[in-house]
Each structure stands twice: as C-alpha cells, then as structure tokens.
Amino acid sequence: MNPRHALPYELWGLVVRKLPRSDQRTCLLVSRTVHGVVMPILFSRILVFFGSWDSANDPVALRYMALQDAKPEVRRHNENTIALLRHIARTPEFASLVRELTVAAYEPGETDEMTRVLIEALRQLRDLRVFRYYGASPMLYADIMRALSEGPAPKLREMRFPLPRNAMTPYQPGTRRGRSRVNPPPPPPPMSWEFYFSDMQMVDTVTVTGHLQGMVSSQRLDNQAQTSRMTTATTDTLRHLSIPDLGWCLSDSRGPGWGRLSRLQTLELTNLSGYLWQREPHTIAQLFHHCSQLRSLSMLSARQRDIDALGVAPESLPRLESLKLSFYPDHAGWVDWNAHIVPFLREKKRLRRLDFVVFGNYSGADVLQVLTAIPNVEVLGLPLFKPRPWSADAFGTLDTHLPVNLSVLLLSGVIIDGTRAPPRKWVELLHKRKKLRYVHFLYSRCHSSVDLTEDLLKDPPESLELVGDAARLRWLSRACGTQPAEYSPAWPLSAVCFRSAADFQNGDERDADDNFADDCEWMLRHRDTALFDTFSPNGFGTLLDNRKSHDRR
C-alpha cells in the first residue's frame, strides 16, 4: 500500500467495523496495516461450536437423538474448533486479542479432547472479560472453572453457565491415548466449582442456567447451596444476577443471606414456579425491602401471589428502570391489572424498559390499561393476543396510548384484520413513533401467514434501523436517490440464538455510547421459545442448556 494514499489508521477501524464479518476476514489479506486493524475487531469476540446445535429440526430443544449421526462437515467443523483453541493456547499474542468467548457445547460423541483443549486455551486468555457456556456436551466440569480462575480471573467481568459438574474432567494430559510413555502425576481433584469464584475479584455479572428440577431433591439442594456460596464469594462485586429463584442464593430468606443481594442492580428470577417459593409466600415482599437499589427486575413464570406483591408495595424499588414479567400458565387470566400492575408502574418514575411475556390463555385487551401508566417508557414489549374480535376501538386505544418516545418495540400476537386493523394502519402507527429504531413482530400460530415486514419496507419510518419477525432479524438500509429501501440478509441463526448486545451495534460507534444495543438485547432476553416458535408450557426462556438430553452420567 502506498503510504501517500493510505487512510489514517483510525479511519480503517471505522470502515472495517461497518463491513460484514465475511468481508472483514478478506481484509486480513489487504496489507500489514489493515491486518493489524482487523485482527482485534475480528477476534475480540469468538463463538466456538462443539457438534452441531442447529442440525436438529428444533434448534432450541436440541434433541439428542437428532444429533447422533455426525455429518462429515460437523467433524470438520469440530477439527477447526479444536485447531482454533490450540492456536489460542500456543499463541499468547493472539490470545491477548480475545475479550469474549462463547462456547456452544452440543457434541453427542467423544468430548474428552474438546474439554482438554478448551482448558488449555482458557489458561492463556489473560484478557478475557466475558465467558458464556451453552449446552452440556462436553459438560462444564469443575476444572474448566479452575482454568478460568488460573487464567483470566483478574479481568473476568461476566459469566453465563449451566451448573458445573463437581468432578475432574475424564481427560487429563498424559492419561489417555498414549500422550506420554511416563504418565505424570495426576492433577489434584478440583474443588467444588463455586470456590473458584474467590479468585475472580472483578466478576459483576453472573447468569446461572440449566435444566431445573421441579421438586426438591438432594441434587437440587446441593446446587442451591453451591450457588449460594458463589454469591457469597462475589458479594463485593456482584451487581447483576440471573438465577431460577431466590432459593438458589439464599440459605435462609429471613437471615443474613439477604446481605449478599443488597448491592444488586439487576436481578432475574427465571422460574418463580419453583418449589421453594411455595414454602415462603412473602419472599417477593422481602426482596423489595432488602434490594431497594434494584434498577432492573425480571420475574418469569410468576404466580398470582407474586403479582399480588406488586400491588401491596407499589412504592417499592423507586430506582427501577427495567421490568420484565411473565405469568405462570393459567395465572395470566387472573391478574387484576388495575389493582396490582398499574399502581406499581405509576410509582416508577424512572422506568424506561417494560416487557410483558404472556401467552395464549391471555386476553390482550386488558394490557392496554397499562399504557396510561407508562407514557415515558422507551423500550416496550407488548402482548396483543386475541381481543376477539379486534375492534376499531381497541386499535384506537393502542394507537392513542402507545408511548411516542419508543426506540424499541416488540409486539407479540399481532393480528391483521382487513377492515379493522389492515397493514396500512400498523405502518401508520409505527410512523408516529419518531424515535423508533427497532421493531419486532411475533405472530400468533393461528395467524402464521401474517407478515408486516414487506408493508413496512415500502414505507419505513425515518428512524427505523432493525426489523425482526420470529427468528429473522434484518438491518434496514435507507432509500437513497432512486435506490429503494432494502433489508440486509437475515442474521445467521447462530447469531440470533447466541446473541449479545454487541451484535446490535452494527458497527455504529453511536450504539456503543447510548443504550440502543443493550435495549435490543434486553428485549429479546428470555424470549427464545417465541423467537423459534418452540412449544413451551411457560412460553418463555431458553432450552439451550437442557441437560436432560445430554447428561450421560
């Protein structure tokens, strides 16, 4: 490259960030300068696959039998994944580029070597900030957590994982496949996984996932005790926590255990129908009292008593900015919105994100009452299931009270009626939201042929950038001269399934500074079953960590 005609180094970074990932890889061959620009951009976030998570017809449920016959391309992909992890383990300069590692573990065959190379790579990732682990094959063993404590522990900030298995990985160096004629002494057995968090002094975000037992068992109680000790080890730094229910971090809800949660800013309770909640009906009220600093709260599969707590203490959580609610099956129809939900929302002067995840047994007309209490909300997930029939008055109420400052809007159960709610009216409704940048449609199964995205493309709102329907996400390019507006290619299914806030930046530095990318990720969080149209009695969450299909113990 002629230096007299070369772009400044900083401009190359702006250009490369705007390119599709495939074109970014091509830029590695342009010149030494561009190569140096592209490497940190291309490899700061790495997603590695073991097996083929999407080879089943149902990419969320990941049925074990559908993965039994490994295809040649899957074997080649596994070899490439192992080669990448070995390169990380053997090349410190390359390892220093990686800030975020996501592992998708769905290999039904032999996994010992995969676990070993992952452990070797983790020990070299000294600058890793984010570690996410999906799936259970290879299983997340305790010595993978030990590798994290030995490698990136000083800088690690965020972790997402299914409950690890407190056992040493079956593949240790020198113990199989003739790696050494003289076997070295076996490594000491790992501690219980939660004790390694004492070395992770910067972790502020933890998401514990996995297949959840529906009744009390010794295994469940052990898991809860371990997670409780993990929160104790990270009390000083932990600010964002996602767990099934409070039984997973409180050994005694009336005792000093509440002190572990008093500094939390985000709390996600992903399975409020759990057994221990039935033993302690006042836990939500205690949560409001002890966790008054919360800025974000998610209550999924909430029962009637949990919703009642909102109405009993409407002035609680004065700093709350985000609220996500889903209802346990058959409880949604019992909710008295005016008595419980509306008073609680009216007192939340800082609330800017609200998402209701409710499903088929729910009459959507009731939720329109809530809109009068949230005029300043900017991010909204709204269910519109079956006001039967969809009347012009119902549509008018929606149009009148839908907040005008919305930047992100998800509408589930969208119904198109040729006379009362034609596509033109839906597009006009979106046009009135001048700040709307992302809209997502989820259609009811009985209206699966509905598609508003093409009508939207003909006359898109000026501010709109991203459009989603079901699992299809596409960026919207603006019309330029005689060139009409058009959609980008749909996101790869893997990007949709294993998404993070960075995926929503689209190379735009503005998105790194404002809340847009975080807002988009928050809106789709816990909505995988709806995105992939997968039947679930709860209608929310993700099955990506279901151990039942993979645990071969």
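full-length UniProt numbering numbers the first residue of the sequence shown as 1 and each following residue consecutively.
The beta-carbon is built from N, C-alpha and C at its ideal position, and this holds for glycine as well.
Mind checking Gly-259: buried by the 16 CB within 10 Å criterion, or exposed? With fewer than 16 other Cβ atoms within 10 Å, it is exposed.
Beta-carbon proximity list for Pro-343, same chain, < 7 Å, skipping 5 on both sides: Gly-311, Pro-314
First and last residue of the beta strand (DSSP E) that includes Arg-474? 472–477
Minimum Cβ-Cβ distance from His-289 to chain D less than 7 Å: Structure shown: chain D not included; a single protein chain is present.
Would you identify the three-state DSSP class for Phe-288, choosing helix, strand or coil? helix
Compare the Cα-Cα distances from Glu-321 to each of Asp-112, Gln-265, Leu-406 and report the closest residue. Gln-265
On the criterion of 16 or more Cβ atoms from any shown chain inside 10 Å, does Gly-247 qualify as buried, or is it exposed? buried
Can you name the residues that DSSP bridges to Ser-326? Val-357
Is the beta carbon of Ile-341 less than 7 Å from the beta carbon of Leu-354? no
Trp-475 to Leu-452 span [Cα, whole Å]: 15 Å
If you run the structure through DSSP and keep just helix, strand and coil, what is Gly-257? helix
For Met-39, which option in Phe-50, Ile-82, Arg-99 has the closest C-alpha, if you only look at C-alpha atoms? The option with the nearest alpha carbon to Met-39 is Arg-99.
Residue span of the beta strand (DSSP E) that contains Ser-242, given as start and end: Per DSSP, the unbroken beta strand (DSSP E) holding Ser-242 starts and ends at 240–243.
Between Ser-262 and His-289, is the Cβ-Cβ spacing less than 7 Å? no
At 3 residues or longer, and completely inside the region 79–146: list those beta strand (DSSP E) runs for me, N to C. 100–106, 130–137
What three-state label does DSSP hand Gln-483 in the structure shown? strand
With a threshold of 16 other CB atoms inside 10 Å of the CB of Lys-458, please say whether the residue is buried or exposed. It is exposed - the Cβ of Lys-458 has fewer than 16 other Cβ atoms within 10 Å.
Given a threshold of 16 other Cβ atoms within 10 Å of its Cβ, counted over all protein chains shown, does His-526 qualify as buried or as exposed? buried
Span separating the alpha-carbon of Ala-530 from that of Arg-32: The straight-line gap from Cα to Cα measures roughly 45 Å.
When the distance is taken between beta carbons, is Met-139 closer than 7 Å to Glu-194? No.
Rounded to whole angstroms, what is the Cα-Cα separation between Ala-153 and Leu-382? 40 Å
Boundaries (first-last residue) of the alpha helix (DSSP H) holding Thr-205: Run containing Thr-205: none in the alpha helix (DSSP H); it sits in the beta strand (DSSP E), 205–209.
Counting only the same chain and skipping the five closest in sequence on each side, list residues whose C-beta sits under 8 Å from that of Arg-4. Here the model assigns Arg-4 a pLDDT of 48, short of 50, so the residue's position is not dependable, and the following value carries that caveat. Nothing listed; no residue qualifies.
Buried or exposed: His-87, going by 16 or more other Cβ atoms within 10 Å of its Cβ? Around the beta carbon of His-87, fewer than 16 other beta carbons lie within 10 angstroms, which makes this residue exposed.
Applying the 10 Å Cβ sphere with the 16-neighbour rule, what's the burial state of Lys-349? exposed
Please state whether the Cβ-Cβ distance between Thr-91 and Arg-132 is less than 7 Å. no
Reduced DSSP category for Leu-382 - H, G, I as helix; E, B as strand; rest coil: Looking at Leu-382 - three-state DSSP - the assignment turns out to be strand.
Could you give the C-beta distance for Thr-397 and Leu-430, rounded to a whole number, given that I count them as a contact under 8 Å? The pair is not a contact, with the Cβ atoms about 17 Å apart (cut-off 8 Å).
I need the straight-line Cα distance from Gly-413 to Leu-163, nearest angstrom please. 34 Å
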